[in-house]
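Visitor: First the structure, then my questions, so here it is.
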Amino acid sequence: MTDPTGHYTDVDGTRIYYEEMGEGLPFFCIHTAGACSIEYYEFLPLIADAGYRAIAVDLPGHGKSYPVDWEPFRQMREYSAYTWEIIQDICDEAPIVMGCSIGGNMVTDMACHYSEDMRAALALEGAAHTPTFPDVNVYEHPHACPGWRDIMERAAEQSMHRPVSEAKVEETRWMHRYAPQEIATGDLQSWVNHDVRDELGNISCPFMLFKGESDFYVPDEIMEATIASVPDEYGEFIVGEEMGHYPMFEDPQGLAETSLDFLDRNGVA
Numbered sequence: 000m001t002d003p004t005g006h007y008t009d010v011d012g013t014r015i016y017y018e019e020m021g022e023g024l025p026f027f028c029i030h031t032a033g034a035c036s037i038e039y040y041e042f043l044p045l046i047a048d049a050g051y052r053a054i055a056v057d058l059p060g061h062g063k064s065y066p067v068d069w070e071p072f073r074q075m076r077e078y079s080a081y082t083w084e085i086i087q088d089i090c091d092e093a094p095i096v097m098g099c100s101i102g103g104n105m106v107t108d109m110a111c112h113y114s115e116d117m118r119a120a121l122a123l124e125g126a127a128h129t130p131t132f133p134d135v136n137v138y139e140h141p142h143a144c145p146g147w148r149d150i151m152e153r154a155a156e157q158s159m160h161r162p163v164s165e166a167k168v169e170e171t172r173w174m175h176r177y178a179p180q181e182i183a184t185g186d187l188q189s190w191v192n193h194d195v196r197d198e199l200g201n202i203s204c205p206f207m208l209f210k211g212e213s214d215f216y217v218p219d220e221i222m223e224a225t226i227a228s229v230p231d232e233y234g235e236f237i238v239g240e241e242m243g244h245y246p247m248f249e250d251p252q253g254l255a256e257t258s259l260d261f262l263d264r265n266g267v268a
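Under numbering that gives the first Met the number 0, the residue at position 256 of the sequence shown is numbered 255, and the numbers go up by one with no gaps.
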């Protein structure tokens, strides 16, 4: 496998890390809560081989990226706006943007606000509104939940499609050790308060809403309500077989084929 190249960039005074490989139109990938760009390490080469500049970022406070002003983001609109600044800094032309879980919510937010500057939005395991967790603010301080790391790791691996190898389970748990407790809980706070239901009509670029069939974090009715409010000429809801909450890691080949087919059918090249 060809290795990606790592880079740092400064976005409004914050040091942000990303990896990339390939040449062509930028295909920008956003990871899940409490994780980092490593989730896409098997996916990036497939997208690069298809003729794209494949990019995966470490969100602020995750992996090798510093947090903005040394604080987590707690509101999705602010989180998404800053991540859009990262995208504009890294990408030299209108990008395709993919995100999973909080990344899927973030991509949905971006499609509502920046469609005119996006070639396509690919939202995995997200929706327009995801009030699926109770208040997580109380877990932010390390003293509040000493077992946080184990909770985060188990929440990740339990949402994978079964059967799954023990090696994949162990690797998935490891992928969720790349953000401090307060950063990861900030991610989940952003997940809960995310709400662009009234702005879905603004979407004006191809928008793929994708769900792994085994993912229980985003109920079908939430995703179906989301896609129903996206203009018909732009939106499509796709369910991935034998995938869970982490399709880019569980089945990178299957997700790549689905994504590339969607882009081809929508004239994105």
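We treat Cβ as the ideally placed atom computed from N, Cα and C, and that holds for glycine.
#1: Determine whether the beta carbon atoms of residue 207 and residue 122 lie at a separation below 8 Å.
#2: In the DSSP assignment, the beta strand (DSSP E) including residue 207 goes from what residue to what residue?
#3: The beta strand (DSSP E) that contains residue 235, what's its start and end?
#4: Which residues in the same chain as residue 155 place their Cβ atom closer than 7 Å to its Cβ, once the five residues preceding and following it in sequence are excluded?
#5: What residues in its chain sit with their C-beta under 7 Å from that of residue 80, if we drop five residues either side in the sequence?
#6: Just list the residues that DSSP pairs residue 25 with in beta bridges.
#7: In three-state terms, what does DSSP make of residue 95?
#8: Just confirm the distance between the C-beta atoms of residue 31 and residue 146, as a whole number of angstroms; I'd bet it's less than 8 Å.
#9: Inspect the beta-carbon positions of residue 18 and residue 3 and report whether they are closer than 8 Å.
#10: Here's the rule: buried if 16 or more other CB atoms are within 10 angstroms of the residue's CB, otherwise exposed. What is residue 141?
#11: With DSSP as the reference, identify every bridge partner of residue 19, one or two as the case may be.
#12: Just the C-alpha distance for residue 290 and residue 138, rounded to the nearest angstrom, thanks.
#13: Counting pairs of beta carbons, one from the segment 212–221 and one from the segment 242–262, are three or more of them closer than 8 Å?
#14: Looking at the secondary structure, which residues open and close the beta strand (DSSP E) in which residue 121 lies?
#15: Comparing alpha-carbon positions, which option in 127, 11, 64 lies nearest residue 5?
#16: By Cβ distance below 6 Å, which residues in the same chain neighbour residue 144 in space, the five residues on each side in sequence not counted?
#17: Taking its Cβ as the centre, do 16 or more other Cβ atoms sit within 10 Å of residue 152, making it buried, or is it exposed?
#18: Look at the alpha carbon of residue 85 and the alpha carbon of residue 238, and state the distance between them as a whole number of angstroms.
#19: Please report the straight-line C-alpha distance between residue 59 and residue 112, rounded to a whole angstrom.
Guide: To lay it out plainly:
#1: Contact check for residue 207 against residue 122 passes: the beta carbons are separated by less than 8 Å.
#2: Per DSSP, residue 207 belongs to the beta strand (DSSP E) from 206–211.
#3: Taken as a continuous stretch (DSSP letters only), the beta strand (DSSP E) holding residue 235 covers 234–239.
#4: Same-chain partners within the cutoff: 171, 172, 175.
#5: Contacts found: none.
#6: Within the DSSP secondary-structure output, residue 25 pairs in a beta bridge with 52.
#7: It is a strand residue.
#8: Incorrect: roughly 20 Å between the Cβ atoms, too far for contact.
#9: Closer than 8 Å, so yes.
#10: Taking every protein chain shown into account, the CB of residue 141 has fewer than 16 other CB atoms within 10 angstroms, so this residue is exposed.
#11: As computed with DSSP, residue 19 is found in a beta bridge with 4, 54.
#12: The first residue shown for the chain is 0 and the last is 268, placing residue 290 beyond what the model contains.
#13: Touching, per the Cβ criterion.
#14: That run of the beta strand (DSSP E) goes 119–123.
#15: Of 127, 11, 64, the residue nearest in Cα terms is 64.
#16: Taken in chain order, the residues that qualify are 138.
#17: Only buried fits residue 152, as 16 or more other CB atoms lie within 10 angstroms of its CB.
#18: Whole-angstrom Cα-Cα distance: 29 Å.
#19: Roughly 20 Å separates the two Cα atoms.
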